[in-house]
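Every position in the sequence shown, counted from 1, becomes a number in the numbering used here once 20 is added.
All remarks here apply to the structure that follows.
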Amino acid sequence: MKAFLLLLLFNSFFVFISAQQIDIDKKKELAAEYSSLSVRYQFRTDSLNSVISRWVKYCGVSEPNFRMKILSHIAQDKSVDSIINVESFAFIVNYLYRVKLGEKDSSDLRLEYQTNAIFYGFIPIGEDFDEFTQKYALKLRELTTLDAVDTLFLQLYSNNIDTFLNAIETDDNLQKANVKSLYDNEMKSIASLPDGNVSIGLGLWTPIGNMAILGVHPSVQLQLGVYGKKVFADIAIETRFLQSANSYLVNAPNIGMVNSERFFSVYLGVQPGYVFF
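See below:
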């Protein structure tokens, strides 16, 4: 009975994994189809809006269809800032990461995409759709109806990343924009996160006084720390080893006094602190 249940459980798991893979493969096909249709219907507003809606419906909201929706809004002179929220801001970060990855070799890009297809919205990195949206964004920059938010996103999607980052930080025309508010909140959250450090130290332990009989020993230290704005704490682990330079007497339990040259020690400590200035 137990063997039958295990077999049933294994088969159920296999069916689940197979079904999940079929679903991913289907979404890859649909995403490829809808991205291709969005290119074909870029100048037909109603058709393009319908394609984007169906893309979202059958593949879920993703960075590529969000990108196409932004470009469509700009082309139709619709408000872009009104559709920016926390979820969509994550797609901006996703696109920045996609552009950064585009600097890698094509074989690396294919492996990255195959491993994380869901994260990339089932659209391969640096291929036809990415090339189209970059050229489309460059073309839309010629429009005379652009506001500051439109211009910001066109800088992003035409891959002028440095200009985009500089604008979102310094452009006064973006002060009241949702995208600026979300960016500032994200930067505050990142700034409030504690920093960590890891260090490895090598040295010599030199005892003094009565301990000098043990001689000099090499030491290895591992230190882990967390730093907040003002408070920090380190955990240090240090070991000292090798034979003693001289023999010494040890009062061993149940044996009495014996000579020994063995030596090994471990130091474990917590080192808290506060930054005053």
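Glycine included, every Cβ here is placed at the ideal spot set by N, Cα and C.
*Neighbourhood of valine 295 by C-beta distance below 6 Å, restricted to the same chain and skipping five residues each side*: For this step, residue 295 is matched to residue 275 along the sequence shown. Take valine 295, set aside five residues on each side of it, and the residues of its chain with a beta-carbon closer than 6 Å to its own are Lys250, in chain order.
*Contact set for phenylalanine 86: own chain, Cβ-Cβ below 7 Å, skip 5 residues either direction*: As a working mapping, residue 86 is identified with position 66 in the sequence shown. Counting only Cβ-Cβ distances below 7 Å, and skipping sequence neighbours, we find Ser108 and Phe111.
_Residue from Ala211, Trp75 and Leu121 whose Cα sits closest to the Cα of asparagine 179_ = Translated into positions along the sequence shown, residue 179 becomes position 159. The residue with the shortest Cα to Cα distance from asparagine 179 is Leu121.
*Assigned secondary structure, alanine 265 (DSSP; H/G/I helix, E/B strand, else coil)*: As a first step, residue 265 must be located in the sequence shown, where it is residue number 245. Coil at alanine 265, not helix or strand.
*Taking the alpha carbon of asparagine 266 as the point to measure from, which residue in Arg118, Leu234 and Tyr177 has its own alpha carbon closest?*
For the purposes of this step, residue 266 is identified with residue 246 of the sequence shown, where counting begins at 1. Taking the Cα of asparagine 266 as reference, the smallest distance to any Cα among Arg118, Leu234 and Tyr177 is reached at Leu234.
_Can you list, in chain order, the residues of its chain with a C-beta nearer than 7 Å to that of threonine 183? Leave out the 5 residues immediately preceding and following it._
Start at 1 with the first residue of the sequence shown, and residue 183 comes out as number 163. Scanning its chain for C-beta atoms nearer than 7 Å, with the 5 sequence neighbours on each side dropped, one finds around threonine 183 the residues Gln175, in chain order.
*Could you tell me whether the segment 67-78 touches the segment 148-156, where touching means 3 or more Cβ pairs closer than 8 Å?*
Counting C-beta pairs with one atom in each stretch, the segment 67-78 and the segment 148-156 have fewer than three that are closer than 8 Å, which means they do not touch.
*Specify the secondary structure class of asparagine 105 as computed by DSSP and reduced to three states.*
Counting from one through the sequence shown, the residue named residue 105 turns up at place 85. Correct three-state label for asparagine 105: coil.
*Does the Cβ of leucine 242 have 16 or more other Cβ atoms within 10 Å, making it buried, or fewer, making it exposed?*
If you number the sequence shown from 1, residue 242 lands on position 222. With fewer than 16 other CB atoms across the displayed protein chains lying within 10 angstroms of its CB, leucine 242 is exposed.
*Under the rule that 16 or more other beta-carbon atoms within 10 Å means buried, what is threonine 171, buried or exposed?*
As a working mapping, residue 171 is identified with position 151 in the sequence shown. With a 10 Å radius around the Cβ and a threshold of 16 neighbouring Cβ atoms, threonine 171 comes out buried.
*Enclosing alpha helix (DSSP H) for tyrosine 156 [first to last residue]*: As a first step, residue 156 is located in the sequence shown; it is residue number 136 there, counting from the start. According to the DSSP assignment, tyrosine 156 belongs to the alpha helix (DSSP H) that extends over 148-160.
*Report the partner residues of tyrosine 287 according to the DSSP bridge assignment.*
Walking along the sequence shown from the start, residue 287 turns up at place 267. Beta-bridge pairing links tyrosine 287 to Glu258.
*In angstroms, rounded to a whole number, what distance separates the CA positions of lysine 98 and glycine 245?*
Within the sequence shown, residue 98 is the residue found at index 78, counting from 1. Within the sequence shown, residue 245 is the residue found at index 225, counting from 1. Within the model, the alpha-carbon separation for lysine 98 versus glycine 245 is close to 49 Å.
*Does the separation of the CB atoms of leucine 56 and aspartate 148 fall below 9 Å?*
Numbered from 1 along the sequence shown, position 36 holds the residue referred to as residue 56. Numbered from 1 along the sequence shown, position 128 holds the residue referred to as residue 148. At residue 56 the sequence reads serine, which differs from the leucine that was named. Between serine 56 and aspartate 148, the gap from beta carbon to beta carbon is short of 9 Å.
*How big is the Cα-Cα spacing for isoleucine 257 and leucine 288?*
Against the sequence shown, residue 257 aligns to sequence position 237. Against the sequence shown, residue 288 aligns to sequence position 268. Each residue's alpha carbon lies about 5 Å from the other.
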